[in-house]
Amino acid sequence: MDNVDNETDSSAEGWESNLWDDWHAPSQDFETNFDDYDTSNVEDFSVSTTVELFAIGTVIKVDLDPLLIDGFNINIHTSEEHAQGSLVGDLISEYVPIDEIYFDQLPNQPGNYRFIVNGYFSPTIAELPKLLPGDYWLSFTPVNNFSINDQTWMRYSNPNLAQSDAFGVSPGNGYGLGEVYSLNGPMPYVLTGDFNNDLEVGVDDLLELIASWGSCAGCEPDLNGDGEVGVDDLLELIANWGSCL
0 MDNVDNETDS
10 SAEGWESNLW
20 DDWHAPSQDF
30 ETNFDDYDTS
40 NVEDFSVSTT
50 VELFAIGTVI
60 KVDLDPLLID
70 GFNINIHTSE
80 EHAQGSLVGD
90 LISEYVPIDE
100 IYFDQLPNQP
110 GNYRFIVNGY
120 FSPTIAELPK
130 LLPGDYWLSF
140 TPVNNFSIND
150 QTWMRYSNPN
160 LAQSDAFGVS
170 PGNGYGLGEV
180 YSLNGPMPYV
190 LTGDFNNDLE
200 VGVDDLLELI
210 ASWGSCAGCE
220 PDLNGDGEVG
230 VDDLLELIAN
240 WGSCL
C-alpha cells in the first residue's frame, strides 16, 4: 500500500513532504442528483498474515470546508475485476461519519487535509473483520454534497515511493474519463510504529503512550522525537496497528 507518512516524521509536514507536486484526482460520493460523477480511487495491497485493519489515512484537497464533508466510504474488494466493476466492496463496505475521523490541514498547502480513521476514534473501524493473507483492492472516498461543499480531490503520493498502478472507478462516467481509468500515479495510504518490542502494535503500546501523554523528552512513546507525547505520536502508533512482522 502506498505511504505518504514520512518514516522519520509522522507530522503533517512529514506527510506533505511525500506528496507529488499539486497532482490530484476526483474522489467523491456525490448526492443523488450528481450520481454520475461518483468516483473512487483504488489501490491494491497485500497482507502476508492475518491482520486486523485498524487505521486508514489519506490526503484530500477540499474546495470549501472539510467540516461539511459528511464522512468517508471504505470499500475493500477481493479482486481487481470486482474493484473495477463496482464502487461497493465485496469484502468490506462501510460508511464512517466525519465525527469519527481525525483531520488537520497541511501546513504549507492550504485546502489540503490529511484524514485518518482508526479503531481508537472510530467504533466502525474497530468492528471491521480481519483480513486473511492475500491481495486486496481499497478505496477510501469522501461523501460530500456538491451543492453545499463543491468538490473533493485525492492527492497523489510521489511516484518514486510506489508503483503508479492506482485506477479510478466512475460507473456513471460523469467526468468523461471512462468507467475505469488509470491514474498514472500512486494514491496515498499510510502505515507507521511499535515500541514494546512484541512485534505487534496493540493495546499495550496504546496504554503506554496514553500514560506518557504530555511532556516526555527522550521516552519511547515520543515517536516523532519532539519532546512531547501527543496527537502526532498517537497517529503514528494507530496507523501501524497490528503485526510488525
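Residue numbers (numbering that gives the first Met the number 0): 0 to 244. Quick reminder that beta carbons are idealized off the backbone N, C-alpha and C, glycines included.
Could you tell me if residue i is buried or exposed, where buried requires 16 or more neighbouring beta carbons within 10 angstroms of its beta carbon?
i    : result
S138 : buried
T151 : buried
T245 : Beyond the ends of the chain as shown, which are 0 and 244, falls residue 245; an answer cannot be given.
V87  : exposed
D134 : exposed
P122 : exposed
D232 : buried
A210 : exposed
D193 : Bear in mind that the predicted position of D193 carries a pLDDT of just 34, short of 50, making it unreliable; the figure below should be weighed with that in mind. Per the 10 Å Cβ criterion, buried.
What does the alpha-carbon distance come out to for the pair residue i and residue j?
i    : j    : result
L190 : V61  : Note on L190: pLDDT 46, under 50, position unreliable in the model; no value is reported.
S242 : V168 : In this prediction, S242 scores a pLDDT of 46, lower than 50, which makes its location untrustworthy; the coordinate-derived value is nonetheless stated afterwards. Those two C-alpha atoms are separated by around 31 Å.
L52  : L127 : 7 Å
E110 : Q104 : The sequence as given places Gly at residue 110; Glu does not occur at that position. So the alpha carbons of these two residues sit roughly 7 Å apart.
G224 : G175 : 47 Å
L222 : D34  : 42 Å
Does the separation of the CB atoms of residue i and residue j fall below 8 Å?
i    : j    : result
N172 : Q27  : no
L208 : L234 : no
E42  : Y180 : no
L182 : T49  : no
A216 : G226 : yes
Y112 : P65  : yes
F114 : I59  : yes
P185 : S163 : yes
F166 : Q108 : no
I68  : P141 : yes
Checking the sheet assignment: what are the DSSP bridge partners for residue i?
i    : result
K129 : DSSP lists no partner for K129.
I73  : E93, F139
N40  : G167
- Message: Across the segment 87 to 100 and the segment 154 to 172, are there enough close Cβ pairs to call them in contact, namely three or more that are closer than 8 Å?
- Response: no
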